[in-house]
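Asker: Would you mind keeping the following structure in view while I ask a few things?
Numbering (our numbering), first residue to last: 11 to 322.
Listed below in C-alpha cells is the structure:
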C-alpha cells in the first residue's frame, strides 16, 4: 500500500444510496435482515455438508464452497454499508478501499469459476451418469476449487496493480456504498481512458464468456435430456432452473458495469445490491428448500436432535 503515501487523497467519502432518513431506516432493516439470513443460511449449508455423510458428494462439496464465497463477498460490503447508514460522513481510508476492491474481485472471480464447475458437475451427472463418480472424483473437485482461487487472484491482481498506482489528488467522493474500479478510477488525477478498457477487457470478457458458457451448457444439458427421454425433461429443468436463476442474477450487474465503457448513472450501485445481498441469500434458499437431498438431510438432523433430547 505504498501508493497511498504518494497520493494527496488518503481517504474516500462513500456517498451511499440515499440521503433520506426514512430510506436509511428501510435500508438498515433490509440489509440487516438479509445479512443475518446470508450468515445463517450459508453457514447452515456448510454445516450440513460437513456433518451429513450422505452429502459428501461432488455437488455438495462445490455448493459448500459457493456458500463460503457468498458469505465472503457479502461481508466485504454489507457490514460497512449498514454501519454507514447512521453516520454523517461515510469515510473509508485509501488502504481499506483498495483492500475492498481487491477482495470483491477475488471472490467474484472465484465464484465465476465455481459456477462453471457446478454446471460441469450437473452436465456429468445428467448426461454421463455411469461415469459421474469417476469423472467428478475428489481430486477433480479439489482441482476445480484450487483453479477457481488461482483465476480469482490473477483476475484481481491484473487490474489492481494498475489502479493502486494511480495518483489521487482531487475529489474524493465515491458515488456508491462501496469501492470498486469504475467509481474510484474516475477520481484519479490522470486520464484513465486506456485503463478503463483494460478493466473492461478483463472483467467484461470474463463475465460475458462465463455467462454465455453457462447458459449454453444448460441448454445443451436440456437438449440432451429431451432427446433421451422427454419425460425426464421437466425434472432436469426443475433441477437446472435454480442454477440458471443464480447465474442470471449474479452476472446481470457484472455485465451492466463491465461489458461496455463505465456508465455515468447511479444505476450500477443499485444493481450490485443483487450481488452483495440478494443472490447470497437466494443461494441457500434455492439449494435447500428446492433440493430433495438437502431436505432429507435436514429431516435426519431433526430426528437426531429429537432422539438425543429424548434420551437425555
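Glycine included, C-beta positions come from ideal geometry on N, C-alpha and C.
Give me, in chain order, the residues of the same chain whose beta-carbon lies closer than 8 Å to that of residue 62; leave out the 5 immediate sequence neighbours on both sides.
Answerer: Contacts found: 307, 310, 311.
Asker: Just reading off the beta strand (DSSP E) that residue 22 is part of, what are its end residues?
Answerer: 21-24 is the span of the beta strand (DSSP E), which, as asked, contains residue 22.
Asker: Can you look up residue 17 in the DSSP assignment and give me helix, strand or coil?
Answerer: For residue 17, the predicted model reports a pLDDT of 49, less than 50, meaning its position is unreliable and no value from the coordinates is stated.
Asker: Nearest CA to the CA of residue 234: which residue from 151, 217, 198, 135?
Answerer: Residue 135 is the option with its Cα nearest to residue 234.
Asker: Under 7 Å, do residue 294 and residue 118 count as touching if we go by C-beta distance?
Answerer: Contact: no.
Asker: Under 7 Å, do residue 107 and residue 189 count as touching if we go by C-beta distance?
Answerer: Closer than 7 Å, so yes.
Asker: Measuring straight from C-alpha to C-alpha, what distance separates residue 126 and residue 86?
Answerer: Going from the Cα of residue 126 to the Cα of residue 86 covers about 23 Å.
Asker: With distances taken from CA atoms, which of 177, 113, 286, 149 is nearest residue 164?
Answerer: Checked all of 177, 113, 286, 149; the closest Cα to residue 164 is 113.
Asker: May I ask you to list the residues that DSSP assigns as paired with residue 102?
Answerer: Beta-bridge pairing links residue 102 to 22.
Asker: Would DSSP call residue 269 helix, strand or coil?
Answerer: Coil.
Asker: Taking only three categories from DSSP, how would you classify residue 184?
Answerer: In the structure shown, residue 184 sits in a strand (DSSP, three-state: E or B).
Asker: Give a yes or no on contact between the region 68-78 and the region 133-151, applying the rule of three or more CB pairs nearer than 8 Å.
Answerer: Because the criterion of three Cβ pairs below 8 Å is met, the region 68-78 and the region 133-151 touch.
Asker: Under a three-way DSSP split, which group does residue 237 fall into?
Answerer: Three-state DSSP puts residue 237 in a helix.
Asker: What does the Cβ neighbour count give for residue 88, buried or exposed, with the cut at 16 atoms within 10 Å?
Answerer: Looking at its Cβ environment, which holds 16 or more other Cβ atoms inside 10 Å, residue 88 is buried.
Asker: Please classify residue 267: is it buried, with 16 or more other beta-carbons within 10 angstroms of its beta-carbon, or exposed?
Answerer: Buried, because 16 or more other Cβ atoms sit within 10 Å of the Cβ of residue 267.
Asker: Taking the alpha-carbon of residue 258 as reference, which of 221, 247, 47 has the nearest alpha-carbon?
Answerer: That would be 221, whose Cα lies nearest to the Cα of residue 258.
Asker: Where residue 285 and residue 184 are concerned, what is the direct C-alpha to C-alpha distance, given to the nearest angstrom?
Answerer: Approximately 19 Å between the Cα atoms of the pair.
Asker: Where do the N-terminal and C-terminal ends of the alpha helix (DSSP H) with residue 192 fall, by residue?
Answerer: Run containing residue 192: 191-195, per the alpha helix (DSSP H) assignment.
Asker: Leaving out five residues on either side along the sequence, give the residues of the same chain with a beta carbon under 8 Å from the beta carbon of residue 200.
Answerer: Closer than 8 Å at Cβ, skipping near neighbours: 176, 177.
Asker: Can you grab the Cα-Cα spacing for the pair residue 131 / residue 181, in whole Å?
Answerer: Taking the straight line from one Cα to the other gives about 48 Å.
Asker: Can you give me the Cβ contacts of residue 16 inside the same chain, cut-off strictly under 6 Å, excluding the 5 residues immediately before and after it?
Answerer: Only weak support exists for where residue 16 lies, its pLDDT of 48 falling under 50; the value from the coordinates is given anyway. For residue 16, where only same-chain residues beyond five positions count, there are no Cβ hits under 6 Å.
Asker: Between residue 193 and residue 56, what straight-line distance do the alpha-carbon atoms span, to the nearest angstrom?
Answerer: If I take the Cα positions, the gap works out to 34 Å.
Asker: Go ahead and pull the three-state DSSP assignment for residue 146.
Answerer: In the structure shown, residue 146 sits in coil (DSSP, three-state: anything other than H, G, I, E or B).
Asker: Note down, in chain order, each residue of its chain lying with its Cβ closer than 6 Å to the Cβ of residue 59, except the 5 sequence neighbours on either side.
Answerer: Hits under 6 Å: 65, 70, 74.
Asker: Could you confirm whether any beta carbon from chain D is found closer than 7 Å to the beta carbon of residue 165?
Answerer: This model lacks chain D altogether; it includes just one protein chain.
Asker: If you measure between the beta carbons of residue 101 and residue 32, is that distance less than 7 Å?
Answerer: No, the pair does not count as a contact, with Cβ atoms beyond the cut-off.
Asker: Thinking just about the alpha-carbon of each residue, which of 226, 156, 95 is nearest to the one in residue 42?
Answerer: If we check each option's Cα against that of residue 42, 95 comes out closest.
Asker: Between which two residues does the alpha helix (DSSP H) harbouring residue 80 extend?
Answerer: Here the alpha helix (DSSP H) through residue 80 covers 68-85.
Asker: With a Cβ-Cβ cutoff of 7 Å, do residue 289 and residue 260 count as a contact?
Answerer: Closer than 7 Å, so yes.
Asker: Does residue 116 pass the burial test, meaning 16 or more other C-beta atoms within 10 Å, or should it be called exposed?
Answerer: It counts as buried.
Asker: Quick one: residues in its chain with C-beta nearer than 6 Å to the C-beta of residue 128, no 5 flanking neighbours on either side, listed in chain order?
Answerer: Within the same chain, residue 128 has close Cβ partners 72.
Asker: Rounding to the nearest angstrom, what Cα-Cα distance links residue 173 and residue 253 in this structure?
Answerer: Near 33 Å, if we compare the C-alpha coordinates of residue 253 and residue 173.
Asker: Can you look up residue 322 in the DSSP assignment and give me helix, strand or coil?
Answerer: Only weak support is given to the placement of residue 322: the predicted model assigns it a pLDDT of 49, under 50, and the question is left unresolved by the model.
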